[in-house]
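Residue numbers (my numbering): 3 to 90.
From the three backbone atoms N, C-alpha and C, an ideal C-beta is built for every residue, glycine too.
In what follows, a single structure is set out as structure tokens and then discussed.
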């Protein structure tokens, strides 16, 4: 089970560059989205080998450190879309 509120908090922390507290959140989660965020954490940290591992776990292509801000924006959008009520 995914704690969407916790992941929203984690992505907000990532957007602010606070990867350490975000890491504490995402390492407790097991969803694909959490794995993606975990990859972003390690990208911000500069541990690119570990970032690549987590991107593989999330079944995503690792875009490299130059795309980290785009990845954070995409994660924010994914969380917002996941929280939206289903359309009839």
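Where residue i falls, given that 16 or more other Cβ within 10 Å makes a residue buried
{"i": "residue 3", "result": "With a pLDDT of 48 at residue 3, under the threshold of 50, the predicted position of this residue should be treated as unreliable, though the coordinate-derived value follows. Exposed, because fewer than 16 other Cβ atoms sit within 10 Å of the Cβ of residue 3."}
{"i": "residue 41", "result": "buried"}
{"i": "residue 18", "result": "exposed"}
{"i": "residue 32", "result": "exposed"}
{"i": "residue 63", "result": "exposed"}
{"i": "residue 73", "result": "buried"}
{"i": "residue 22", "result": "exposed"}
{"i": "residue 81", "result": "buried"}
C-beta atoms of residue i and residue j nearer than 7 Å
{"i": "residue 78", "j": "residue 28", "result": "no"}
{"i": "residue 60", "j": "residue 34", "result": "yes"}
Distance between residue j and residue i (C-alpha atoms, nearest Å)
{"i": "residue 55", "j": "residue 85", "result": "27 Å"}
{"i": "residue 50", "j": "residue 37", "result": "14 Å"}
{"i": "residue 94", "j": "residue 87", "result": "Because the chain spans 3 through 90 in this model, residue 94 falls outside it and cannot be assessed."}
{"i": "residue 8", "j": "residue 24", "result": "9 Å"}
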